[in-house]
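Enquirer: Would you mind keeping the following structure in view while I ask a few things?
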Amino acid sequence: KGEIEFRNVSFRYPGGDIDAVQNISFVAKPGQTTALIGSTGAGKSTIVNLIPRFYEVSDGSIFIDGIDIRDVTQHDLREKIGYVPQKSALFSGTIESNLLYADKNATPDMLQSAIELAQAKEFVDEKPEGMATEIAQGGGNVSGGQKQRLSIARAMVKKPPIYILDDSFSALDFKTDAALRRALKEKTANSTLLVVTQRVSTIKNAEQIIVLDEGRIVGKGTHNELMENCETYKEIALSQLSMEELS
Numbered sequence: 307k308g309e310i311e312f313r314n315v316s317f318r319y320p321g322g323d324i325d326a327v328q329n330i331s332f333v334a335k336p337g338q339t340t341a342l343i344g345s346t347g348a349g350k351s352t353i354v355n356l357i358p359r360f361y362e363v364s365d366g367s368i369f370i371d372g373i374d375i376r377d378v379t380q381h382d383l384r385e386k387i388g389y390v391p392q393k394s395a396l397f398s399g400t401i402e403s404n405l406l407y408a409d410k411n412a413t414p415d416m417l418q419s420a421i422e423l424a425q426a427k428e429f430v431d432e433k434p435e436g437m438a439t440e441i442a443q444g445g446g447n448v449s450g451g452q453k454q455r456l457s458i459a460r461a462m463v464k465k466p467p468i469y470i471l472d473d474s475f476s477a478l479d480f481k482t483d484a485a486l487r488r489a490l491k492e493k494t495a496n497s498t499l500l501v502v503t504q505r506v507s508t509i510k511n512a513e514q515i516i517v518l519d520e521g522r523i524v525g526k527g528t529h530n531e532l533m534e535n536c537e538t539y540k541e542i543a544l545s546q547l548s549m550e551e552l553s
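Just so we're on the same page, this note's numbering is the position in the sequence shown counted from 1, plus 306.
Below is the structure:
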């Protein structure tokens with residue numbers, strides 16, 4: 307379970323003159339990666355922020371497993387979602403307490419496997435206190451990439467049917483990015499994975515890629531399909547990767 311459907315969704319920020327996203331329709335299926343790509347300001351984060359109801363849609367509807375998300379409590383809705391925001395937020399406390407925030411009943415083994423999956427084991431093990439390492443408020447004493455990996459680990463502890471990763475790979479080097487994608491694919495095989503990115507290499511193998519431009523969907527399909535029939539996607543891809551890398 308965890309199928310997400312957007313049906314003719316539009317959204318305008320309070321006080322805005324125009325819709326931030328307009329007439330968005332797609333289905334994200336369990337067991338698949340659905341990726342959202344587009345330039346800055348295309349509406350990618352806006353779309354994923356509507357799923358946990360950080361904002362309410364202005365028009366249209368969003369369904370999870372056929373139920374309109376407005377018909378369930380925010381609490382029950384958010385229980386289903388492991389959300390890693392663009393700006394990874396860590397709390398003051400230890401690495402362990404940050405992970406337990408997702409599920410206070412998680413066992414040490416569960417925490418360990420989340421850390422491994424998120425490619426964070428190496429740097430956690432290097433710290434003298436390991437999981438008991440204190441994190442400064444806002445995560446000031448860990449690097450951007452470490453912060454992203456700990457945020458991903460926290461979402462993994464929850465084992466939800468839906469994962470939303472909003473540009474959560476941006477601070478990772480390509481090797482860590484690739485290792486993390488492989489691990490995610492394996493461990494979240496039955497979940498719906500929604501990935502927001504500006505990096506084509508991160509999503510080349512996604513089952514469904516949705517291309518956004520100025521709040522509208524301008525392409526939908528696999529990497530190969532979009533290289534054939536979506537000018538916007540092709541431009542993004544060619545600006546980042548060589549033809550050999552793209553084939």
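No residue lacks a Cβ here, since even glycine has one placed at the ideal position from N, Cα and C.
1) Do the segment 391 to 401 and the segment 332 to 347 touch if we need at least three Cβ pairs shorter than 8 Å?
2) If distances are taken between C-alpha atoms only, which option among M437, K540, N355, E422 comes closest to L383?
3) Using a 10 Å radius around the Cβ and a threshold of 16 neighbouring Cβ atoms, would you call A348 buried or exposed?
4) For the segment 434 to 448 against the segment 458 to 475, do three or more pairs of beta-carbon atoms, one drawn from each stretch, fall closer than 8 Å, so that the two count as touching?
5) Distance, Cα to Cα, V315 vs F369?
6) By Cβ distance below 6 Å, which residues in the same chain neighbour L423 in space, the five residues on each side in sequence not counted?
7) Could you give the residue range of the beta strand (DSSP E) that holds F480?
8) With three or more C-beta pairs closer than 8 Å as the rule, is the segment 450 to 461 touching the segment 406 to 423?
9) Can you give the beta carbon distance from L471 to V502, rounded, assuming they're within the 8 Å contact cut?
10) May I ask you to list the residues that DSSP assigns as paired with Y389?
11) Consult DSSP for I369 and reduce its assignment to one of helix, strand or coil.
12) Can you give the Cα-Cα distance for G525 and E537, rounded to whole angstroms?
13) From this set, G444, Q328, P358, which residue's C-alpha is nearest D365's C-alpha?
14) Report the three-state DSSP secondary structure of Q328 (helix, strand or coil).
15) Please name the residue, chosen from K491, Q454, A395, A485, that lies closest to F475 on a Cα-to-Cα basis.
16) Would you list the residues sitting across from T400 in a DSSP beta bridge?
17) Can you tell me which of V390, D371, A395, Y361 puts its alpha carbon nearest to the alpha carbon of Q380?
18) Which residue comes first and which comes last in the beta strand (DSSP E) that contains L499?
19) Give me whichever residues DSSP pairs with K526 in a beta bridge.
20) If we ignore side chains and look at the alpha-carbon of each, how far apart do A485 and S545 end up?
21) Would you call the CB atoms of I343 and I515 closer than 8 Å?
22) Excluding sequence positions up to five away, which residues of its chain have a Cβ less than 6 Å from the Cβ of D371?
23) Closest to Y407 by C-alpha separation, out of E385, K393, E428, would be which residue?
Expert: Here's the rundown:
1) no
2) N355
3) Looking at its Cβ environment, which holds 16 or more other Cβ atoms inside 10 Å, A348 is buried.
4) no
5) 11 Å
6) M462, A489, K493
7) Note, F480: premise wrong, no beta strand (DSSP E); alpha helix (DSSP H) at 480 to 493.
8) yes
9) 7 Å
10) I470
11) Residue identity check: residue 369 is Phe in the sequence provided, not Ile. DSSP places F369 within a strand segment (E or B) once states are collapsed to three.
12) 9 Å
13) Q328
14) strand
15) Q454
16) T400 is bridged to E440.
17) Y361
18) 498 to 503
19) The partner list for K526 (beta bridge, DSSP) reads I516.
20) CA-to-CA, the gap between A485 and S545 works out to about 24 Å.
21) yes
22) Taken in chain order, the residues that qualify are K307, E309.
23) E385
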